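All letters in the sequence shown, in the order written, are residues 0 to 158 by numbering that gives the first Met the number 0. Below is one structure; the comments refer to it alone.
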Amino acid sequence: MTHEMVVLSAAFSPDGSRVVTASWDSTARLWDAATSQPVGEPMTHGDIVESAAFSPDGTRVVTASIDNTARLWDATTGRPITMPMKHEAVVFTAAFSPDGTRVVTASRDETARLWDAATGVPIGEPMKHDGEVNTAVFSPDGRLVLTASNDRTARIWAV
């Protein structure tokens, strides 16, 4: 499973049949886990792709990029399924909620954001820190988001 440049992130699909990778070459790629052969088209951003993850049902992929966007993709074809989810700066990570209905993103713009995973539309107000937000994840029940920031804090948000 080779990219043209450094690979920053890799994750298995929920059923273990596929892998998604994210790279400095501005792409994320889907791979067959048994054969290591590519599946579908490369998922292309305008710059380095920091992270990639599957939805809980394995039908979608979310990517985060230094092009200031996160994107939602069809996990079979590699085609985009929504408009880009835009921040004001680099997006470091993006993750699905446990039920797959929402995405949370973490950005250098000092915010984490919630998005509708079907439409890519933002939900509510940004979760603001006083420094870059390095990561954001959902709690197992999906009711909370945990963020970690360069402002030397981790915070829990009811969502």
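Glycine is no exception: its CB is placed at the ideal position from the N, C-alpha and C atoms. Quick caveat: nothing in here was measured; it's all calculated off a predicted structure.
Membership of M4 in any beta strand (DSSP E) is not indicated, and neither H nor E is assigned to it by DSSP. Here the alpha carbon of N149 sits roughly 8 Å from the alpha carbon of D129.
In this structure, A21 sits near S8, with a CB-CB distance shorter than 7 Å. Here G39 has L29, T75, T76 and G77 as same chain residues with Cβ atoms under 7 Å from its own Cβ, once five neighbours each way along the sequence are excluded.
When secondary structure is reduced to three states using DSSP, I80 falls in the coil class, being assigned neither helix nor strand. Annotation for A147: the continuous beta strand (DSSP E) segment containing it runs L143 to S148.
Ranked by how close their Cα comes to the Cα of P13, the residues V158, R59, E49 and S25 have R59 in first place. The DSSP-derived three-state label of E131 is coil.
Nearest in C-alpha terms to R107, of all of K85, E124, S54 and S138, is K85.
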